[in-house]
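In what follows, a single structure is set out as structure tokens and then discussed.
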Amino acid sequence: MTENNCEERKPKKSIELLQKENGFDVLEGTLGPSVVDIRSFYKETGMFTYDPGFLSTASCESAITFIDGDEGKLLYRGYDVKELARNCRFMEVAYLLLFGDLPNNSKSQDFSNEIKSHTLLHEQFRNFFSGFRRDAHPMAIMVAGVGALSAFYHDSLDMNNPEHRLRSCYRLIAKIPTISAMAYKYSIGQPFVYPKNNLDYTSNFIQMMFSHPAEQYEIDPIMARALDQIFILHADHEQNASTSTVRLAGSTGANPFACISAGISALWGPSHGGANEAVLRMLQKIEGKEGIRTFVDKVKNKKERLMGFGHRVYKNYDPRAEVLKESVHEILAKLGIEDPLLEVAMELERLALEEDYFIERKLYPNVDFYSGIILRAMNVPTSMFTVFFCLARTVGWVAQWLEMIDDPDMRIGRPRQLYIGPAERPFIKMNDR
Ligand code: CMC
1 MTENNCEERK PKKSIELLQK ENGFDVLEGT LGPSVVDIRS FYKETGMFTY DPGFLSTASC
61 ESAITFIDGD EGKLLYRGYD VKELARNCRF MEVAYLLLFG DLPNNSKSQD FSNEIKSHTL
121 LHEQFRNFFS GFRRDAHPMA IMVAGVGALS AFYHDSLDMN NPEHRLRSCY RLIAKIPTIS
181 AMAYKYSIGQ PFVYPKNNLD YTSNFIQMMF SHPAEQYEID PIMARALDQI FILHADHEQN
241 ASTSTVRLAG STGANPFACI SAGISALWGP SHGGANEAVL RMLQKIEGKE GIRTFVDKVK
301 NKKERLMGFG HRVYKNYDPR AEVLKESVHE ILAKLGIEDP LLEVAMELER LALEEDYFIE
361 RKLYPNVDFY SGIILRAMNV PTSMFTVFFC LARTVGWVAQ WLEMIDDPDM RIGRPRQLYI
421 GPAERPFIKM NDR
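Position 102 (the sequence shown) corresponds to 102 in my numbering; numbering is contiguous.
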């Protein structure tokens, strides 16, 4: 772009344009900032609004999750996530996110049984894995495998039928753990382990991941509880990049398996769900407490990024990180593990939080900072970390997708742009170029 071009694109008029005769409606939510309804802005002014990265733009109404980034608060359907993580099981929270209220005992049982009735995959699905290299990243298998579910379950693809929609969502919640465990087993060359429906959701996932037919396997209740808590903390996070991807794909009428596969692709990136894997690799690269000072200096000089720190919405401690920081000591102690990376992480956090660079920018640990150390203590390989996130977030994605389909304001998502390419010019034939 030429300097002249830049000059031309300097803002000319200001927000006065928003002061149209009768103004634009301001819509009030239950909590959080109000929004200016600019749906008629283009019609009224002939202009678009410009907000790359959605810094000030609400893309939908939602009654599911609320974040107060300044206070460091996260609510699922009005309940503080910290209380849910300390007191609930993951399937109760899944019910809450999907249906709006915490279930009583019998509703909770019925819901768990419904999910369990979908844990098996079509037997032909096994063949799918052999097309992958053994060293394929498991997230690559997740993107492909979950999208491929639409080729197997034709009886739940009618988006206009509420029963189909719900059945697809149950299938996604139930089958993603099975696909995840199979992706792992494939990578290490062990036989696939089938689901066991006498187990709860998380214990079943643990046995599919870590047991094998040659030996008896006992599920460690400490591990099951810790993992359940991690799943609760990752279950939903309002309109983040992957959820917005699910909604955008869903707004076209695409089937939910395809939409969730799109969400998994967005989650994979290191700025989003891929950060938990990146944190572990970063802690290993720092090479002990001695390396921390140098690393922090590199971050301040923008030569490195402190993974597991910072958030678009939280300008305070991420409440999920707070719970995990508490649990990590307890879990490692209970499992009898001493991990030098925990010491590196704690010292890194302490040092970073004292530095002006982080204070001025309000950068605090996020959910990914401590989760990897807990997963590592459970012998979960680093490449599977984002898959665990994906499994938990599936619940949020399907809840948001269901909400979107029922929203009378839902239209195909179609952002506009500020075009900065060449104006129309005459075509030049090949020999004249
Ligand atoms: N390390 C160093 N500097 C940072 C970091 C970080 N982790 N995060 C933000 N900054 C700096 C950034 O360079 C910028 O500085 P300056 O004002 O000098 O240009 C300032 O802080 C504002 O950051 P930003 O990039 O404008 O913030 P954003 O809202 O666009 O990005 C983020 C948010 C999460 C992508 C970013 O903080 C980041 O990359 N963090 C590391 C990756 C990570 O942990 N991601 C997981 C997020 S939580 C789980 C999830 O949502 O999946």
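Note that beta-carbon positions come from the ideal geometry of N, C-alpha and C, so glycine has one too.
Given the structure is predicted, the values throughout are model-derived calculations rather than measurements.
Inter-residue Cα distance where the pair is PRO191 and MET209: As a position in the sequence shown, residue 191 is number 191, starting the count at 1. As a position in the sequence shown, residue 209 is number 209, starting the count at 1. Each residue's Cα considered, the two are about 10 Å apart.
First and last residue of the uninterrupted alpha helix (DSSP H) at ILE115: For the purposes of this step, residue 115 is taken as the residue at position 115 of the sequence shown. Judged by DSSP secondary structure, ILE115 falls within the alpha helix (DSSP H) whose first and last residues are 105-116.
Reduced DSSP secondary structure (H/G/I, E/B, other) of THR49: Residue 49 sits at position 49 when you count from the first residue of the sequence shown. DSSP places THR49 in coil when its eight states are reduced to three.
Ligand 1 heavy atom lying under 6 Å from the CB of VAL81: Counting from one through the sequence shown, the residue named residue 81 turns up at place 81. In this structure, VAL81 has its beta carbon at no less than 6 Å from each heavy atom of ligand 1.
Backbone secondary structure at THR30 - three-state DSSP: On the sequence shown, residue 30 is found 30 positions in, with the first residue counted as 1. Coil.
Exposure of VAL26, with buried meaning 16 or more beta-carbon neighbours within 10 Å: As a first step, residue 26 is located in the sequence shown; it is residue number 26 there, counting from the start. With fewer than 16 other Cβ atoms within 10 Å, it is exposed.
Residues near ALA58 by beta carbon distance below 6 Å, same chain, minus five either side: Position 58 of the sequence shown, counting from 1, holds the residue named residue 58. Only residues of its own chain outside the window of five on either side were considered, and among them VAL35 have a CB closer than 6 Å to the CB of ALA58, listed in chain order.
MET378 beta carbon less than 7 Å from that of TYR184: Within the sequence shown, numbered from 1, the residue matching residue 184 stands at position 184. Within the sequence shown, numbered from 1, the residue matching residue 378 stands at position 378. No. Outside cutoff.
Same chain, Cβ closer than 8 Å to ASN316, neighbours up to 5 away in sequence not counted: Stepping through the sequence shown from its first residue, residue 316 is reached at position 316. Only GLY69, ASP70, GLU71, GLY72, LYS362, TYR364 meet the Cβ criterion.
heavy atom of ligand 1 below 6 Å from ARG320 C-beta: The sequence position of residue 320 within the sequence shown is 320, counting from 1. Not so, every heavy atom of ligand 1 lies at least 6 Å from the Cβ.
Cβ-Cβ distance between GLY263 and VAL246 below 7 Å: Taking the sequence shown and counting its residues from 1, the one referred to as residue 263 is at position 263. Taking the sequence shown and counting its residues from 1, the one referred to as residue 246 is at position 246. Yes, they are a contact pair.
DSSP beta-bridge partners of LEU74: Reading the sequence shown from its first residue, position 74 is the one you call residue 74. In the DSSP output, where bridge partners are listed per residue, LEU74 has ILE67.
6 Å Cβ shell around TYR50 - same chain, five flanking residues per side excluded: Position 50 of the sequence shown holds residue 50. Excluding positions up to five away in sequence, the list reads LEU418.
C-alpha gap between PRO426 and ASP432, whole angstroms: For this step, residue 426 is matched to residue 426 along the sequence shown. For this step, residue 432 is matched to residue 432 along the sequence shown. Roughly 12 Å separates the two Cα atoms.
For THR119 and THR178, believed in contact at Cβ under 8 Å, the rounded distance: Here residue 178 is taken as the residue at index 178 of the sequence shown, counted from 1. Here residue 119 is taken as the residue at index 119 of the sequence shown, counted from 1. So it is a contact: roughly 6 Å between Cβ atoms.
Distance CB(PHE389)-CB(ALA321) smaller than 7 Å: Position 389 of the sequence shown, counted from the first residue, corresponds to residue 389. Position 321 of the sequence shown, counted from the first residue, corresponds to residue 321. Taking 7 Å as the Cβ cut-off, PHE389 and ALA321 do not qualify as a contacting pair.
Span separating the alpha-carbon of GLU28 from that of ILE67: To locate residue 28, count along the sequence shown from 1; it is residue 28. To locate residue 67, count along the sequence shown from 1; it is residue 67. Put simply, the backbone Cα of GLU28 is about 16 Å away from that of ILE67.
Distance between GLY253 and LEU166 (C-alpha atoms, nearest Å): Here residue 166 is taken as the residue at index 166 of the sequence shown, counted from 1. Here residue 253 is taken as the residue at index 253 of the sequence shown, counted from 1. Rounded to the nearest angstrom, the two C-alpha atoms are 15 Å apart.
Same chain only: Cβ atoms within 8 Å of ASN197, ignoring 5 sequence neighbours per side: Residue 197 sits at position 197 when you count from the first residue of the sequence shown. Only LYS116, SER117, THR119, ASN204 meet the Cβ criterion.
For PRO270 and SER187, the rounded distance between their alpha carbons: Your numbering for residue 187 matches position 187 in the sequence shown. Your numbering for residue 270 matches position 270 in the sequence shown. Straight-line Cα distance between these residues: approximately 22 Å.
ASP438 (DSSP reduced to helix, strand or coil): For the chain, the structure presents residues 1 to 433; residue 438 sits outside this window and is missing.
GLY372 vs ASN240 beta-carbon contact at 7 Å: In the sequence shown, the residue the question calls residue 372 occupies position 372. In the sequence shown, the residue the question calls residue 240 occupies position 240. Their beta carbons are not under 7 Å apart, which means GLY372 does not touch ASN240 by this criterion.
Inter-stretch contact (C-beta, 8 Å, three-pair minimum) for the stretch 144-160 and the stretch 345-361: no
Closer than 6 Å: GLY78 CB and nearest ligand 1 heavy atom: If you number the sequence shown from 1, residue 78 lands on position 78. Result no, Cβ not under 6 Å from ligand 1.
Residue closest to PHE99, alpha-carbon to alpha-carbon, out of GLY78, SER180, ASP409, ILE176: For the purposes of this step, residue 99 is identified with residue 99 of the sequence shown, where counting begins at 1. If we check each option's Cα against that of PHE99, GLY78 comes out closest.
Under the three-state DSSP convention, the category PRO365 falls into: Here residue 365 is taken as the residue at index 365 of the sequence shown, counted from 1. Correct three-state label for PRO365: strand.
Secondary structure of VAL36, DSSP reduced to three states: Locating residue 36 in the sequence shown gives position 36, counting from the first residue. Strand, per DSSP.
Straight-line Cα distance separating VAL143 from ARG134: Here residue 134 corresponds to residue number 134 of the sequence shown, with the count starting at 1. Here residue 143 corresponds to residue number 143 of the sequence shown, with the count starting at 1. Each residue's Cα considered, the two are about 16 Å apart.
PHE385 beta carbon near ligand 1 (any heavy atom closer than 6 Å): One-based indexing of the sequence shown puts residue 385 at position 385. Not under cutoff, so the answer is no.
Spatial distance of ARG171 from LYS289 (CA atoms): As a position in the sequence shown, residue 171 is number 171, starting the count at 1. As a position in the sequence shown, residue 289 is number 289, starting the count at 1. One alpha carbon belongs to ARG171, the other to LYS289, and they sit about 45 Å apart.
Cβ shell of ARG414 (< 7 Å), same chain only, five flanking positions each side left out: For the purposes of this step, residue 414 is taken as the residue at position 414 of the sequence shown. There are no such residues.
Exposure label - ILE173; buried when at least 16 CB within 10 Å: Here residue 173 corresponds to residue number 173 of the sequence shown, with the count starting at 1. Buried, because 16 or more other Cβ atoms sit within 10 Å of the Cβ of ILE173.
Neighbourhood of ALA94 by C-beta, 6 Å cutoff - its chain only, sequence neighbours within 5 removed: Against the sequence shown, residue 94 aligns to sequence position 94. Within its own chain, the residues whose Cβ lies closer than 6 Å to the Cβ of ALA94, once the five positions on either side in sequence are excluded, are VAL395, listed in chain order.
In DSSP terms, what PHE488 is bridged to: The requested residue 488 is not part of the displayed model; the chain covers only 1 to 433.
Buried or exposed by the 16-neighbour rule on C-beta atoms within 10 Å, applied to ILE428: Locating residue 428 in the sequence shown gives position 428, counting from the first residue. It is exposed - the Cβ of ILE428 has fewer than 16 other Cβ atoms within 10 Å.
For ALA136, the three-state DSSP class (helix, strand or coil): Here residue 136 refers to the residue found at position 136 when the sequence shown is read from its first residue. In the structure shown, ALA136 sits in coil (DSSP, three-state: anything other than H, G, I, E or B).
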